[in-house]
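**Student:** Residue numbers (my numbering): 223 to 578.
Could you have a look at this structure, given as structure tokens, before my questions?
Now the structure itself:
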């Protein structure tokens with residue numbers, strides 16, 4: 223399905239050559255030969271899954287914040303902040319593209335009270351699927367109080383903080399605005415009411431249902447590109463903390479990158495605790511069938527929404543090679559929700575990607 227573990231030649235220590243064109247599901251006999259012929263012919267005709275990303279892609283437009291909560295000047299135009307921002311609600315930002323994960327940190331925003339400039343410690347939570355970032359204070363904000371929010375531009379904030387997109391673009395300017403909190407405080411849901419992350423066995427079953435192990439693709443004795451997804455042990459031995467072959471550098475995330483800080487270089491297939499640094503997630507997010515499902519859903523400001531073709535092209539030009547996973551030409555088995563698969567994977571990876 224277009225994703226695999228980087229390996230070194232034992233004799234020289236050099237990085238193995240780039241994988242061959244994307245292989246799809248394998249089966250025995252005539253079916254296998256027919257499938258390979260169809261995929262080979264598709265590559266010759268220009269199927270997107272057979273193209274390799276252009277690592278010399280030109281710079282794109284500045285990163286944009288497309289939704290903010292609280293909104294600018296919220297609560298300032300009503301008496302005593304009656305229409306103000308809930309002191310217990312998280313501050314939320316949604317971006318037009320994925321962030322460089324190292325900028326999705328608390329230092330990229332500043333929140334402080336007007337006048338006294340009393341700073342608030344905020345804890346970030348980045349949802350790469352939705353391209354949204356939530357900041358929650360350790361304690362509720364003070365009711366009926368005016369706060370100043372600064373959204374930092376990476377090219378202007380001292381110390382290298384501020385937001386930057388995965389393709390290297392900053393916001394273009396730092397945004398600063400005031401808002402007032404409401405007098406009433408809503409009670410947030412308790413932590414134990416949030417959905418629990420799925421177990422490793424559940425993730426393996428979800429990958430199988432999505433067709434990842436069908437026909438020996440990522441299963442059996444010779445899985446495609448060395449990536450074995452049919453068992454917890456396979457995830458541990460070939461995916462978790464293993465560099466994706468398509469990211470081209472190194473065999474293990476403990477090895478340091480020598481040539482540069484470009485996003486995507488030496489990215490692991492699954493990085494426990496960090497879905498935003500897991501190549502598998504991005505390979506799924508650019509898929510046609512996932513984005514078709516997202517386009518058919520009701521839109522919400524901070525929920526996941528479909529990527530535009532321009533966004534997919536930009537991602538493939540920058541760091542995603544050999545197309546989506548599964549290949550757009552193959553897709554998912556009938557009745558399988560791509561969004562449910564991505565959501566389960568992201569939840570499991572965020573919780574540490576633990577397998578027995």
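Glycine is no exception: its CB is placed at the ideal position from the N, C-alpha and C atoms.
May I ask you to report which of helix, strand or coil DSSP gives residue 564?
**Tutor:** helix
**Student:** Quick one: residues in its chain with C-beta nearer than 6 Å to the C-beta of residue 378, no 5 flanking neighbours on either side, listed in chain order?
**Tutor:** These residues qualify, in order along the chain: 396.
**Student:** Tell me, please, whether the region 308-327 touches the region 280-291 by the rule of three or more beta-carbon pairs shorter than 8 Å.
**Tutor:** yes
**Student:** Quick check: residue 176 and residue 333, are their CB atoms within less than 7 Å of each other?
**Tutor:** Outside the shown range of the chain (223 to 578) lies residue 176, about which nothing can therefore be said.
**Student:** For my contact list, residue 408 and residue 310 are in at a C-beta cut-off of 8 Å; report their separation, rounded to the angstrom.
**Tutor:** 5 Å
**Student:** Name, in chain order, the residues that DSSP records as bridge partners for residue 358.
**Tutor:** 345, per the DSSP bridge assignment.
**Student:** Taking buried to mean at least 16 other C-beta atoms within 10 Å of its own C-beta, is residue 322 buried or exposed?
**Tutor:** buried
**Student:** Could you pull the DSSP bridge partners for residue 429 from this structure?
**Tutor:** According to DSSP, which records beta bridges pairwise, residue 429 is partnered with nothing at all.
**Student:** Quick check on the DSSP output: the beta strand (DSSP E) that includes residue 290 runs from which residue to which?
**Tutor:** 287-291
**Student:** Near residue 637, which residues of its chain fall below 6 Å by C-beta distance, leaving aside the five closest residues on each side in sequence?
**Tutor:** For residue 637 there is no data in the structure shown, the boundaries of the chain being 223 and 578.
**Student:** How would you label residue 339, buried or exposed, when you count the other beta carbons within 10 angstroms and need 16 or more for buried?
**Tutor:** exposed
**Student:** Using the Cα positions of residue 312 and residue 356, report the straight-line distance between them to the nearest angstrom.
**Tutor:** 6 Å
**Student:** Report the rounded CA-to-CA distance for residue 466 versus residue 375, giving the unit in angstroms.
**Tutor:** 31 Å
**Student:** Determine, using beta-carbon pairs with one atom in the region 499-511 and one in the region 433-446, whether at least three such pairs fall under 8 Å.
**Tutor:** no
**Student:** In terms of alpha-carbon separation, which member of 400, 385, 358, 389 lies closest to residue 336?
**Tutor:** 400
**Student:** With a threshold of 6 Å on Cβ separation, who are the neighbours of residue 269 within its own chain once the five nearest residues in sequence on each side are excluded?
**Tutor:** Note that residue 269 scores 40 on pLDDT, short of 50, meaning its location in the model is unreliable and no value can be drawn from it.
**Student:** Determine the DSSP secondary structure at residue 424, reduced to helix, strand or coil.
**Tutor:** helix
**Student:** Counting along the chain, where does the beta strand (DSSP E) carrying residue 397 start and finish?
**Tutor:** 397-402
**Student:** Using only the alpha-carbon positions, how far apart do residue 487 and residue 469 sit?
**Tutor:** 5 Å
**Student:** I'd like to check one pair, residue 537 with residue 509: are the Cβ atoms closer than 7 Å?
**Tutor:** Result no, Cβ atoms of residue 509 and residue 537 do not sit closer than 7 Å.
**Student:** Over the uninterrupted alpha helix (DSSP H) stretch that includes residue 459, give me the two end residues.
**Tutor:** 454-460
**Student:** Does the Cβ-Cβ distance between residue 563 and residue 430 come in under 7 Å?
**Tutor:** no
**Student:** Excluding the 5 residues flanking residue 345 on each side, which residues of the same chain have their C-beta closer than 6 Å to its C-beta?
**Tutor:** 358
**Student:** Could you check whether residue 365 and residue 570 sit closer than 7 Å to each other, using their CB atoms as the reference points?
**Tutor:** no
**Student:** Quick one: grab the DSSP three-state call for residue 504.
**Tutor:** Residue 504 falls in the helix class under three-state DSSP.
**Student:** Of all the options 519, 427, 492, which has the alpha carbon lying nearest to the alpha carbon of residue 506?
**Tutor:** 492
**Student:** When the Cα atoms are used, what is the spatial distance from residue 372 to residue 529?
**Tutor:** 27 Å
**Student:** My parser needs the alpha helix (DSSP H) runs of 4 or more residues fully inside the region 498-559; what are they?
**Tutor:** 501-507, 510-517, 531-540
**Student:** Could you tell me which of 402, 521, 403, 330 sits nearest to residue 381, measuring between CA atoms?
**Tutor:** Taking residue 381 as reference, the option from 402, 521, 403, 330 with the minimal CA-CA separation is 330.
**Student:** So for residue 496, helix, strand or coil by DSSP?
**Tutor:** coil
**Student:** When you compare only the Cα positions, how much space is there between residue 544 and residue 535?
**Tutor:** For residue 544 and residue 535, the distance between alpha carbons rounds to 12 Å.
**Student:** Residue 457 to residue 306, Cα distance in whole Å?
**Tutor:** Their backbone Cα atoms lie some 47 Å apart in a straight line.
**Student:** What is the DSSP secondary structure of residue 373, reduced to helix, strand or coil?
**Tutor:** strand
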